[in-house]
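Residue numbers 1 to 644, in the UniProt record's numbering, belong to the letters of the sequence shown in order.
Single-structure report; data block below.
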Amino acid sequence: MAAGHPSDPPLHAAILSGSRNRAPRGEGSSGDVNRRRFSLGLPRVTLSIGQLQNDGHRVVAVEFALIVIMLSNTKKRRFFDRVDEIYTLPKRQSLEPPPPIAQATTSTAQTDVSTPSLLHHDDAVYFVAVGSDMTRTRLDIWKAQLRKLGVHVDEQFRPGATTIAVASTTLTRDRLATVCPGIDSVRRLVPPTWVIQLLQTKQVPLQCEWHGDDEKEAAAAPPSSLPPPPPPLAATGDQSPPESEFHECSSTPTATFRETERSQEDDDDDWAARREKFYATNPAMRAVHAEEAANPLKINMDAFVCTTSSVLKSNVNAHLTGPFEQLVEYLHVENDEWRENSYKRICSILKQLPNRVTSAHSLQPQHGLNSTGIAKIREILETGTLRKLEAKRSDPRLQVLLQFSNIWGVGPATATNLYRAGYRTLDDLRAKQDEVLTHNQRIGLKHYDDFLAKIPRSEVQEIESVVKQHVHSLLPRAVAITCGSYRRGKSQSGDVDVLISDPTQDDCNIMPRLLADLHAIGFLTDDLTTVEEHKIGGSDSYMGVCRLGEGRRYRRIDIKVYPRNLFGFAQLYFTGSDHFNRSMRAFAKMKGYSLTDKGLYKATRSKGVKKLKQGPNVICRDEKDVFLALQLPYKRPDERNCMA
């Protein structure tokens, strides 16, 4: 019987029926026979199996096959597994004759003649380090690989001497001329794909020329569809754009924002127009989405909270969520992450219920709320508390750990180490803080009470106003948006997260000057992180302490600056909630992507976990395009309060 033919009966079917497949006499020589013996673990039962191969066919002979009928299913399964291990179906030989050797040799020779394998010894390559696809790590790798091939790489641009320049295709020609004066003097201006092809093929690509983002857009769009030019800026420089919008620029797609106070839902026409713009920027995604529609993945959408709405409502079940939230605090200091998330999920479900729960019989088991959770709710309704919570409250060790872990910068592990070292109170730590606490932990201890106090929404608006005022004084066209729980519409926040970008430039180097101005007016009082030298095309992050004035509380503030091509990803990430972000990243992973605050990439993984290869970043003008790329329904910020 032919190996692998659909009509062939399975080997185990033949054995169970008691048939005996023997090799026809005269077929196959003794040299073709590969005999193996193995024992089934039964006394006096040893099977001998032979395999004969003849012109791509195989014949399997099983001796004493009738004995298998008397074996248990476990023994039969073991037998079949061993057969599969021993015998692998031979590959079916191709019926097509191989190409003539002389023809292949001639073709190779022609390729070698037409494509030079090395650069000229006078050539020098320079990388223009601006753009999201020209990161420092990537450039270091490319430079090292080129030098191994004997290619001269210039660290500084030399007009007249540098012959080849590599520049990001996200730049416009005007922007490129600004960041690298004299770029027109090079013999060749190429995109990053030129370097990739050179390293992969060890041959110089002959047809790989650079085209700026503005040139690509002009070539793709018909003249009648060109948008009108933006209005000129005021000469005084004191006008700033509305914070709700990221105006469209001529070089790269940028974002359009509406604050949480206004609805962010697009009508069908707007969403269809957005989709067409997205496909124009990412042509390959049209085919990807068409393939997904033709062969949809079997995904349980209800299992992902990023697909459901969790609009923040008045909590009518505070009598139930209160004890659970207190229990979550103790589980956090015990580093019991699994139970912590389980009770957080129960709290989130209870907060979304429209009616007050007065009886456990009104609750039905669902995802995140099983029978055990309902039993805990019944206990609270009947007794007003939880035995588990009371047990943890009476544990003096947990009381100390809870107090220590409330110090900013001290986690459960550090709190446990301090307890083991003999510290029991905050005064004990203050007496030895220089010896046992880090710089950031000492700041957290100094402002212990202020950091624990929640920030009212009105105070967040005051802090946001101060930061925006100084941002616009430095960059009138910049955008500063407060993210986190404030953007999700909550009445209180734990800290203030301000996200900044410049919609008119690929790079935004505002952080050093902004921090200097905020320190000068006494707004920033303590630094929890220091901003190192700005990386061109990268992002900057600052963590510190601010205060609005004398007599006001000290508050935690984070300021983050992202280039415009990453602003949408950063805005989605820092808006939260954490559980919403984890759900969205898990959904992206299931569809073969990797989603971070710096992009959405097609990723190839090993066993679904370790990333082996990462594709190019999907271009998203704003956070809505991220939902569109993943084929997810858009959720407004106030719909992302799951487990918050």
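Don't be surprised by glycine CBs; every beta carbon is placed ideally from N, CA and C.
Just so you know, these numbers come straight off a predicted model, no measurement behind them.
To the nearest angstrom, how far is it from the Cα of C620 to the Cα of I500? 17 Å
For the stretch 506 to 514 against the stretch 568 to 578, do three or more pairs of beta-carbon atoms, one drawn from each stretch, fall closer than 8 Å, so that the two count as touching? no
Runs of alpha helix (DSSP H) lying entirely within the stretch 452 to 531, each at least 4 residues, in chain order: 457 to 474, 484 to 487, 511 to 520
Closer than 8 Å is the cut-off here; do at least three beta carbon pairs connect the stretch 157 to 168 with the stretch 180 to 200? yes
Determine, using beta-carbon pairs with one atom in the stretch 312 to 324 and one in the stretch 368 to 386, whether at least three such pairs fall under 8 Å. yes
How long is the line joining the alpha carbons of Q469 and L189, rounded to whole angstroms? 41 Å
Using only alpha-carbon positions, find the residue among D133, R138, T162, G368 that is nearest to T170. D133
Could you give the residue range of the beta strand (DSSP E) that holds F569? F569 -> not in any beta strand (DSSP E); alpha helix (DSSP H) instead, spanning 567 to 575.
S405: first and last residue of the uninterrupted alpha helix (DSSP H) it sits in: 396 to 405
Buried or exposed: which applies to E276, given that a residue is buried once 16 or more other Cβ atoms fall within 10 Å of its Cβ? exposed
Please state the DSSP three-state secondary structure of L600. strand
Quick check: the Cα distance between R138 and K75, rounded to an integer number of angstroms? 55 Å
Under 6 Å Cβ to Cβ from A273, same chain only, skipping five residues before and after it: list those, please. none
Check V179 in the structure and name its three-state DSSP category. helix
Identify, in the order they occur along the chain, each residue of the same chain with its Cβ nearer than 7 Å to the Cβ of L452, setting aside the five sequence neighbours on each side. N406
Closest Cα partner of C347 within the set F324, E623, V128: F324
Is the Cβ-Cβ distance between residue 645 and A167 less than 8 Å? One cannot answer for residue 645 here, as it falls past the ends of the chain, which runs 1 to 644.
Beta bridge counterpart(s) of S541 as assigned by DSSP: K560
Any idea if K624 is buried or exposed, counting beta-carbon neighbours within 10 angstroms, 16 or more meaning buried? buried
Going by DSSP in three states, S594 sits in which element: helix, strand or coil? strand
Rounded separation between P229 and K560 - CA only: For P229, the predicted structure reports a pLDDT of 38, less than 50, and the residue's modelled location is therefore unreliable. The matter cannot be settled from this model.
Beta-carbon proximity check, A603 vs M285, cutoff 8 Å: no
Endpoints, alpha helix (DSSP H) assigned at A144: 136 to 148
So, with DSSP's three-state summary, where would you put D638? helix
Classify D540 as buried or exposed, calling it buried when 16 or more other Cβ atoms lie within 10 Å of its own Cβ. buried
According to DSSP, residues forming a beta bridge with A167: Paired residues: none, contrary to the question.
Considering just the uninterrupted stretch of the alpha helix (DSSP H) at L327, what are its terminal residues? 318 to 333
If we require 3 or more residues per run, which beta strand (DSSP E) segments fall completely within the stretch 339 to 424? none
Mind the definition here: the stretch 362 to 375 touches the stretch 339 to 353 only if three or more C-beta pairs lie below 8 Å; say whether that holds. yes
Which class does Y126 belong to by DSSP, given the choice of helix, strand or coil? strand
Helix, strand or coil for P283? Go by DSSP, reduced to three states. helix
Do the CB positions of T162 and A129 come within less than 8 Å of each other? no
For the pair the stretch 324 to 343 and the stretch 585 to 603, tell me if three or more CB-CB distances fall below 8 Å. no
Going along the chain, which residues of its own chain have a beta-carbon closer than 6 Å to the beta-carbon of H447, five neighbours each way excluded? Y554
Nearest to A478 by alpha carbon, out of Y423, H579, Y562? Y562
Is the beta carbon of L528 less than 8 Å from the beta carbon of I443? yes
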